[in-house]
Amino acid sequence: MLEADVEVDRREFRLSAAIGVAAGERLALFGPSGAGKTTILEAIAGLVQPRRGTVVLNGRVLTRTAAPRHQVPPWQRRVGLLRQDPALFPHLSVRQNLAYAPAPGTGREEIARIAERLGLRGTLDDLPARLSGGQAHRVALGRLLASRCDALLLDEPYAGLDAGLRRDLTELVRELVAARQVPSMLVAHELEAAQAFADRMAVLDRGEILQLASPAQVVAAPAARRVAELVGYRSFVLVPETGAGVVAGVHPDRVVAGRQPGRGVVLAGPVRSCRPSGAGWEASVEAAGTLVPVRLPDPPEPAAGEPDFVFTVLDPPCFGPDGLRVSRPEEVPT
Amino acid sequence: MSWAASPPAHVAGSALRRTVRSASGVASLAGAAVIWVALLGPVITLLAHLSWPQVSAALSVPGALDPLAVSVESGAITLGVLLVLGTPLAWTLARGSLPFPRFWEAGVLCSLLLPPLVIGLLLIFMVGPYTPIGELLGHVHLSATNTFLALVIAEVYESAPYYVLGAQAAFAAVEPAIEEQAALLGDRPSRVARRVSLPLAAPGLAMALAVAWARAMGAFGAVVIIAYHPFGIPLQIWTTLQETGLPTALPFALVLLVVALPLPLAAYIWSARARGRRRG
Numbered sequence: 002m003l004e005a006d007v008e009v010d011r012r013e014f015r016l017s018a019a020i021g022v023a024a025g026e027r028l029a030l031f032g033p034s035g036a037g038k039t040t041i042l043e044a045i046a047g048l049v050q051p052r053r054g055t056v057v058l059n060g061r062v063l064t065r066t067a068a069p070r071h072q073v074p075p076w077q078r079r080v081g082l083l084r085q086d087p088a089l090f091p092h093l094s095v096r097q098n099l100a101y102a103p104a105p106g107t108g109r110e111e112i113a114r115i116a117e118r119l120g121l122r123g124t125l126d127d128l129p130a131r132l133s134g135g136q137a138h139r140v141a142l143g144r145l146l147a148s149r150c151d152a153l154l155l156d157e158p159y160a161g162l163d164a165g166l167r168r169d170l171t172e173l174v175r176e177l178v179a180a181r182q183v184p185s186m187l188v189a190h191e192l193e194a195a196q197a198f199a200d201r202m203a204v205l206d207r208g209e210i211l212q213l214a215s216p217a218q219v220v221a222a223p224a225a226r227r228v229a230e231l232v233g234y235r236s237f238v239l240v241p242e243t244g245a246g247v248v249a250g251v252h253p254d255r256v257v258a259g260r261q262p263g264r265g266v267v268l269a270g271p272v273r274s275c276r277p278s279g280a281g282w283e284a285s286v287e288a289a290g291t292l293v294p295v296r297l298p299d300p301p302e303p304a305a306g307e308p309d310f311v312f313t314v315l316d317p318p319c320f321g322p323d324g325l326r327v328s329r330p331e332e333v334p335t
Numbered sequence: 135m136s137w138a139a140s141p142p143a144h145v146a147g148s149a150l151r152r153t154v155r156s157a158s159g160v161a162s163l164a165g166a167a168v169i170w171v172a173l174l175g176p177v178i179t180l181l182a183h184l185s186w187p188q189v190s191a192a193l194s195v196p197g198a199l200d201p202l203a204v205s206v207e208s209g210a211i212t213l214g215v216l217l218v219l220g221t222p223l224a225w226t227l228a229r230g231s232l233p234f235p236r237f238w239e240a241g242v243l244c245s246l247l248l249p250p251l252v253i254g255l256l257l258i259f260m261v262g263p264y265t266p267i268g269e270l271l272g273h274v275h276l277s278a279t280n281t282f283l284a285l286v287i288a289e290v291y292e293s294a295p296y297y298v299l300g301a302q303a304a305f306a307a308v309e310p311a312i313e314e315q316a317a318l319l320g321d322r323p324s325r326v327a328r329r330v331s332l333p334l335a336a337p338g339l340a341m342a343l344a345v346a347w348a349r350a351m352g353a354f355g356a357v358v359i360i361a362y363h364p365f366g367i368p369l370q371i372w373t374t375l376q377e378t379g380l381p382t383a384l385p386f387a388l389v390l391l392v393v394a395l396p397l398p399l400a401a402y403i404w405s406a407r408a409r410g411r412r413r414g
């Protein structure tokens with residue numbers, strides 16, 4: 002169990018976050034660049050001294066700013082951190098990298114097993130300079146596995162790799178976290194990366210956790226308008242029947258053509274632009290006084306005899322004038 | 135006139151471009167070769183003007199190689215002093231862990247920019263016999279003028295900035311992310327230094343040390359003022375030149391090159407290979 006409750010002063014804002022991650026759980030910190038995600042990991046790893054707070058890992062106090070003050074140095078924390086730069090030791094072979102800081106009882110055979118598992122057997126005697134990007138990241142992961150590491154922190158490690166490699170490595174980390182039963186945290190600024198990894202997601206903006214929920218819930222029911230913006234809601238339309246100043250968030254992917262009032266809010270308007278996007282079409286429809294971007298399998302066209310394109314926004318989340326979520330009249334409160 | 139034989143205009147153009155490119159390639163190769171030969175000119179001249187009977191005659195005079203021993207001994211001690219004192223300074227400069235880092239760097243640069251002759255003059259005023267430091271040395275029956283100690287001091291002053299600046303660059307080139315990873319894997323700072331920082335900086339340190347060695351071996355300006363005795367090779371060359379002329383001085387120039395150059399060259403080759411392997 003990893004528990005962190007830290008405050009760190011940043012130039013523009015004060016980062017303040019309280020997070021608990023159970024053994025074997027995967028938590029994603031999701032938010033825009035500069036939200037303070039990496040700083041949280043660095044505070045847990047002991048690389049950043051928080052202004053106030055505590056970090057406790059499996060009952061071991063790593064940081065406590067209240068009396069009696071306590072700050073365990075990074076080299077005694079047993080917290081593994083992977084960054085985008087695998088930071089392999091360039092003067093050591095892959096084998097020596099893997100065995101840099103072996104946990105007690107990790108001998109040659111265990112190192113060989115880890116190398117086998119990560120598909121690195123043929124590279125054991127190479128220097129890191131000869132490895133491909135994906136191999137280098139696997140060595141960095143293997144080096145953590147061979148070491149004594151009670152928590153796994155991932156700071157967008159695979160952001161620079163191509164999609165297939167990223168998927169493989171993420172899957173590998175998921176399996177290993179399950180097998181080792183260590184708490185793990187991933188920092189991501191892409192929603193897909195966070196969803197691919199996490200059981201639970203914390204949405205962070207300007208040093209503040211706006212929502213902590215399952216990846217599905219964060220997208221289906223954002224707690225605030227800012228969360229909705231961060232997870233991809235691109236337009237907000239006034240919905241008269243829900244009350245003054247209340248807007249409904251429209252996610253371009255959560256839209257179907259046609260009038261289906263039972264499934265959400267029906268909007269209509271002229272199509273202003275339309276272009277192919279992936280396997281479908283991305284269009285901009287002028288509706289409810291604003292431009293609404295939508296993605297549909299077919300190019301949007303008004304039905305015969307009608308001037309406007311009619312579409313239904315599926316079950317949109319609604320936000321009051323204060324930016325917080327409000328329920329729609331027909332929505333059953335849960 | 136056969137139309138078929140004349141190539142289309144764009145082919146002719148590309149052939150012309152290729153000719154120009156290969157001509158400019160040849161020109162730049164020739165230019166580089168000329169500059170290279172010019173830089174090596176003194177060494178080539180030395181080899182051309184040496185007559186081997188003269189070399190063996192000059193070097194077989196009894197005591198002719200004593201200055202060599204003096205130079206090598208003082209140079210070795212100088213390297214030791216630089217390693218022990220210069221390395222920690224270079225480390226702290228590279229880490230930026232000192233307050234006002236530019237101030238400290240400027241100090242090192244200052245000693246680099248002082249002409250050796252001026253260093254020699256100022257050393258007399260600093261450690262000469264009638265100065266506080268000179269008197270202190272006198273208490274332990276040492277003197278820093280015209281002694282072996284004076285020679286070492288002069289060589290240290292002439293070579294230290296080269297070593298410190300080179301070593302600083304070597305330490306600064308070690309990526310902090312790699313040291314951070316070593317710490318997170320459980321190494322305390324002293325272990326990180328031993329297992330990661332020093333091995334990674336080693337090629338650069340070797341180069342810095344080699345340059346310092348060449349400087350120490352060839353030190354003349356400060357030496358001629360503060361340590362005229364005991365003779366090292368540079369002074370041997372100077373006095374031979376003055377007393378018996380150019381031809382008799384040349385053999386000692388050869389000795390100086392033979393002694394001063396192999397270590398830097400070996401260090402260069404080793405560090406270039408180590409860097410190449412790490413870069414892949």
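Protein chains in written order, with the numbering used here: chain A, 2 to 335; chain B, 135 to 414. The beta carbon of each residue, even a glycine, is placed where N, CA and C say it ideally should be. Bear in mind that the values here come from a model prediction, so they are computed numbers and not experimental data.
- First through last residue of the beta strand (DSSP E) which encompasses R65 of chain A: R61 to R65
Check: Considering only residues of the same chain and omitting the five flanking positions on each side of L213 of chain B, which have a CB-CB separation below 8 Å?
Finding: L343, A346, W347 and A350
Problem - Per-residue contacts from L121 of chain A into chain B (C-beta, under 9 Å) - result: Per Cβ cutoff of 9 Å: no residues; L121 of chain A is ~16 Å from chain B at best.
**Q.** 8 Å Cβ cutoff met for K38 of chain A and L30 of chain A
**A.** yes
- Task: Please confirm whether any heavy atom of the ligand NAP lies closer than 7 Å to the CB of E117 of chain A.
- Result: Although the ligand NAP was asked about, the structure shown includes no ligands whatsoever.
Where H92 of chain A meets chain B, residues with beta-carbon distance less than 9 Å: V330, P333, L334, A336, A408, R411 and R412
Bridge partners - M2 of chain A, DSSP secondary structure assignment = Looking at the DSSP assignment, M2 of chain A forms no beta bridge with any residue, so it has no partner.
Helix or strand or just coil, what does DSSP make of H273 of chain B? helix
- [ ] Reducing DSSP to helix, strand and coil, say where G379 of chain B ends up.
- [x] coil
With distance defined between alpha-carbon atoms, name the residue in A:A199, A:R226, A:E302 and A:L211 nearest to A217 of chain A.
A:A199
**Item:** 8 Å contact criterion, which L1 of chain A and A214 of chain A should meet: CB distance rounded
**Value:** No information on residue 1 of chain A is available, as it lies outside the stretch 2 to 335 that chain A covers here.
At the 8 Å Cβ level, is P158 of chain A part of the contact set with chain B, yes or no?
no
### Task
Step through the CB atoms of chain A and report whether any lies within less than 8 Å of the CB of R322 of chain B.
yes
Subject >> Rounded separation between V204 of chain A and P253 of chain A - CA only >> reply: 20 Å
Which one or two residues does DSSP pair with E8 of chain A in a beta bridge? A:S17 and A:R53
| Extent of the continuous beta strand (DSSP E) run through G241 of chain B | Run containing G241 of chain B: none in the beta strand (DSSP E); it sits in the alpha helix (DSSP H), P235 to L247.
| field | Assumed close pair I112 of chain A, A141 of chain A - CB separation to whole angstroms, cut-off 8 Å | value | Actually they are not in contact, since the Cβ atoms of I112 of chain A and A141 of chain A sit about 15 Å apart, beyond 8 Å.
Distance check for L399 of chain B and R12 of chain A, CA to CA, integer angstroms please. 49 Å
- Item | Chain-ordered chain A contacts of I403 of chain B [CB-CB under 9 Å] | Neighbours of I403 of chain B on chain A: none; closest Cβ ~17 Å, over 9 Å.
Practice prompt. Only counting runs of 4 or more residues, tell me where the alpha helix (DSSP H) segments fall wholly within the stretch 156-220 of chain A, in order along the chain.
Written response: 164-181 and 192-198
_Measuring straight from C-alpha to C-alpha, what distance separates L428 of chain B and R411 of chain B?_
In the structure as shown, chain B starts at 135 and stops at 414, and residue 428 of chain B therefore has no counterpart that could be examined.
For V459 of chain B, name the three-state secondary structure that DSSP assigns. Residue 459 of chain B falls outside the range modelled here, since chain B spans only 135 to 414, and no answer is possible.
- Does any CB atom of chain A fall closer than 8 Å to the CB of V311 of chain B? Here the sequence assigns Ala to residue 311 of chain B, which means Val is not the residue at that position. Yes, because at least one Cβ of chain A sits closer than 8 Å to the Cβ of A311 of chain B.
Opening and closing residue of the alpha helix (DSSP H) in which G134 of chain A lies: G134 to A147
Which residues in chain A have a C-beta closer than 8 Å to the C-beta of L380 of chain B? List them in chain order.
Going along chain A, no residue has its Cβ under 8 Å from L380 of chain B, so there is no contact; the nearest lies around 49 Å.
Could you tell me the boundaries of the alpha helix (DSSP H) in which T221 of chain B lies? T221 to R229
Minimum length 4: unbroken alpha helix (DSSP H) runs contained in the stretch 249-309 of chain A | none
For a contact meaning CB atoms closer than 9 Å, what does A116 of chain A contact in chain B?
-> By Cβ distance, chain B contributes nothing, its closest Cβ being about 17 Å from A116 of chain A, past 9 Å.
**Asked** Which residues of chain B have a Cβ atom closer than 8 Å to the Cβ of R84 of chain A, listed in chain order?
**Response** A311
task: Closer than 7 Å by beta-carbon distance: list the chain A residues that pair up with Q315 of chain B, in chain order.
output: A88
Note to self: Between which two residues does the alpha helix (DSSP H) holding V261 of chain B run?
What the structure shows: P250 to V261
Buried/exposed call for Y101 of chain A, threshold 16 Cβ in 10 Å
buried
Does any CB atom of chain A fall closer than 8 Å to the CB of L339 of chain B? no
Whole-angstrom C-beta distance between L247 of chain B and A361 of chain B, which should lie under 8 Å: Contact doesn't hold; Cβ gap of about 22 Å is too wide.
Checklist entry - Would you call F386 of chain B buried or exposed, if buried means 16 or more other Cβ atoms sit within 10 Å of its Cβ? => result buried
Requested in this report: Using a cut-off of 7 Å between C-beta atoms, extract the partners of P105 of chain A located in chain B.
Outcome: Chain B residues near P105 of chain A: none, gap ~11 Å exceeds 7 Å.
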